[in-house]
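Residue numbers (my numbering), protein chains in the order written: chain L, 27 to 317; chain E, 867 to 1142.
Glycine included, each C-beta is placed from N, C-alpha and C at the ideal position.
From a predicted model like this one, the values you see are computed outputs, not experimental measurements.
A short write-up of the structure that comes next.
If you want it as structure tokens, here you go:
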């Protein structure tokens, strides 16, 4: 094959995937940025250039700020907890545990269930009067509480669902990584007199760093991308206490049909994701990799 | 914690086992609860009695209360369509990135990886507009299209193809194979486990996907199970939990049964997909 043929082959092989990616990822991202500077077309009135009006509206919009802060709290609550639980689960399941297979099955099952189905079940859990949580609370003599209906607990309830759903998924990656660590390391450390905790802190955990980074990036993306349970459980309520960024975009875009403002909101979400990507590269640069 | 010398002993070991089991019980509790409610008459949905009679009536009622058969067919078509397209497109693209030199390769690969971060799930407003322009709104094709070129699939297969020895490739070429024949006869067979892993991850993702299908469909003919379930539980049933949980289990049953049967493959597939 000549060089030109090889080039042509490369481009042609790539063409179908590249065309679809361009149409449904790159173009919409660029179009979102473009449209965030225009007004929403209404009836016969076409979109007109409005400069940064949509962003000005965003700065003044208390619901946007609440959705953003909700989302940051949601991320701060779900990410560390689900990762820590995942690591704990992996360590347990990797050891010689009685009934290991069953326990692993229990941890992993939420991963393959649809969030929407899971949310239905948890909704029942949290239901006032009938719900399991209320029954347990009642049996313990606690006062009745509307878990999803009160502003102080609703977001926490959604976070519990997310942690429950994701920990088992992340466990799998830790399990794979743990199984690749050489047993000789532990033997050597034991000869040197290192304690169990010391060994974990100074050997196992650093060796798991690439996995932790991978899981962390996935957890962050999921915290901003997965809002299925909100649609089922709270619809952003009560009083926007559980509105996350993407859910708010969905409401603005598809309930109020204000596509220009939705574009400006989407730009915020894209910025968050870009920051995550940059953070990942910065982290990788600092040689998290031990391989 | 990974090796025998650092395994817990005595009391610590007992505590760890108990802890692992309690966490496991906690993790399976919602599902167990759903099973209890779905298989017992309504009045037992929040009352736990050992003598509660078992029944399938909730499933029968749920099945007849909404066009679940249609939703099942839609979901199967959707998952199959996406998977076939993904396998074809990602294989070709991964082959190009792994084994061909061409100008712009680095930049194009970076552009592909953008989709790992900016998934179609966050571009719903613009993609909805595109589908309207294309006249595809409320079709199964529209649900699947944004996902067919998958950065994750391209990346995964590229990594795999790169591990194929070049000698095999060259030997096949000397035999007179064209590049596409080499791909089909050398690379694809060697990547079979990766294909299986990718297929399982893809099907479970799209079986479960919700927000985009919710937005882009509005008729029974196009709706997948997840959206059908939501429409059903949000409007039709009020708060008849036994029927809602029965419908919930019904919609997840194929995946759940497949998972229980092929647990090892599932777990290994997710692992394989994550390590690369």
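Closest Cβ-Cβ distance between residue i and chain L: below 7 angstroms?
i	result
residue 1008 of chain E	no
residue 1084 of chain E	no
residue 1035 of chain E	no
residue 1005 of chain E	no
residue 908 of chain E	no
residue 987 of chain E	yes
residue 900 of chain E	yes
residue 1042 of chain E	no
residue 929 of chain E	no
Any C-beta of chain E sitting closer than 7 angstroms to the C-beta of residue i?
i	result
residue 317 of chain L	Low confidence applies here, because residue 317 of chain L scores a pLDDT of 42, under 50, leaving its location unreliable; read the following figure in that light. Closer than 7 angstroms: no.
residue 196 of chain L	no
residue 97 of chain L	no
residue 66 of chain L	no
residue 279 of chain L	yes
residue 309 of chain L	no
residue 63 of chain L	no
residue 254 of chain L	yes
residue 261 of chain L	no
residue 301 of chain L	no
residue 138 of chain L	yes
residue 232 of chain L	no
residue 71 of chain L	no
residue 109 of chain L	no
residue 225 of chain L	yes
residue 288 of chain L	yes
Could you check whether residue j and residue i sit closer than 7 angstroms to each other, using their CB atoms as the reference points?
i	j	result
residue 120 of chain L	residue 239 of chain L	no
residue 288 of chain L	residue 279 of chain L	yes
residue 1004 of chain E	residue 1085 of chain E	yes
residue 271 of chain L	residue 93 of chain L	yes
residue 147 of chain L	residue 1120 of chain E	no
residue 152 of chain L	residue 174 of chain L	yes
residue 872 of chain E	residue 222 of chain L	yes
residue 117 of chain L	residue 894 of chain E	no
Can you name the residues of chain L whose CB is closer than 7 angstroms to the CB of residue i?
i	result
residue 962 of chain E	36, 39 and 40
residue 938 of chain E	Going along chain L, no residue has its Cβ under 7 angstroms from residue 938 of chain E, so there is no contact; the nearest lies around 13 angstroms.
residue 894 of chain E	132 and 135
residue 1099 of chain E	146
For residue i, name the three-state secondary structure that DSSP assigns.
i	result
residue 68 of chain L	strand
residue 75 of chain L	strand
residue 1031 of chain E	coil
residue 156 of chain L	coil
residue 207 of chain L	coil
residue 1150 of chain E	Because chain E here runs from 867 to 1142, residue 1150 of chain E falls outside it and cannot be looked at.
residue 1111 of chain E	helix
residue 941 of chain E	helix
residue 1078 of chain E	helix
residue 317 of chain L	Caution applies to residue 317 of chain L, whose pLDDT of 42 falls short of 50 and renders its modelled position unreliable; the value that the coordinates give is listed next. Coil, per DSSP.
residue 50 of chain L	helix
residue 956 of chain E	helix
residue 1043 of chain E	coil
residue 926 of chain E	helix
Could you list which residues in chain L have their beta carbon closer than 9 angstroms to that of residue i, in chain order?
i	result
residue 1129 of chain E	127, 130, 131 and 134
residue 1027 of chain E	By Cβ distance, chain L contributes nothing, its closest Cβ being about 11 angstroms from residue 1027 of chain E, past 9 angstroms.
Along chain E, in chain order, which residues have C-beta atoms closer than 8 angstroms to that of residue i?
i	result
residue 257 of chain L	1076, 1077, 1080 and 1096
residue 276 of chain L	990, 1077 and 1081
residue 123 of chain L	882, 883 and 886
So which residues of chain L does residue i contact, with C-beta pairs closer than 8 angstroms?
i	result
residue 981 of chain E	47 and 51
residue 971 of chain E	36
residue 1110 of chain E	146 and 150
residue 959 of chain E	39, 40, 42, 43 and 44
Residues of chain E with a CB under 7 angstroms from the CB of residue i: which are they?
i	result
residue 148 of chain L	896
residue 118 of chain L	882 and 886
residue 141 of chain L	1074 and 1076
residue 33 of chain L	968 and 969
Across the segment 118-138 of chain L and the segment 180-194 of chain L, are there enough close Cβ pairs to call them in contact, namely three or more that are closer than 8 angstroms?
yes
If we count Cβ pairs, one from each stretch, closer than 8 angstroms, do we get three or more for the segment 982-1001 of chain E versus the segment 46-62 of chain L?
yes
Okay, do the segment 165-177 of chain L and the segment 1111-1121 of chain E touch, 3+ Cβ pairs below 8 angstroms being the bar?
no
On the three-pair Cβ rule with 8 angstroms, is the segment 1055-1070 of chain E touching the segment 1021-1029 of chain E?
yes
The segment 901-912 of chain E / the segment 1066-1081 of chain E touching (three or more Cβ pairs under 8 angstroms)
no
With a threshold of 8 angstroms, are at least 3 pairs of Cβ atoms found where one atom belongs to the segment 177-186 of chain L and the other to the segment 82-92 of chain L?
no
Counting beta carbon pairs with one atom in the segment 932-940 of chain E and one in the segment 991-1001 of chain E, are three or more of them shorter than 8 angstroms?
no
Can we say the segment 916-927 of chain E touches the segment 893-906 of chain E, given the rule of at least three CB pairs closer than 8 angstroms?
yes
Spell out a yes or no on whether the segment 291-299 of chain L and the segment 236-256 of chain L are touching, meaning 3 or more CB-CB pairs, one atom from each, closer than 8 angstroms.
yes
Give a yes or no on contact between the segment 30-40 of chain L and the segment 954-973 of chain E, applying the rule of three or more CB pairs nearer than 8 angstroms.
yes
Are the segment 976-983 of chain E and the segment 1006-1017 of chain E touching by the rule of at least three beta carbon pairs closer than 8 angstroms?
yes
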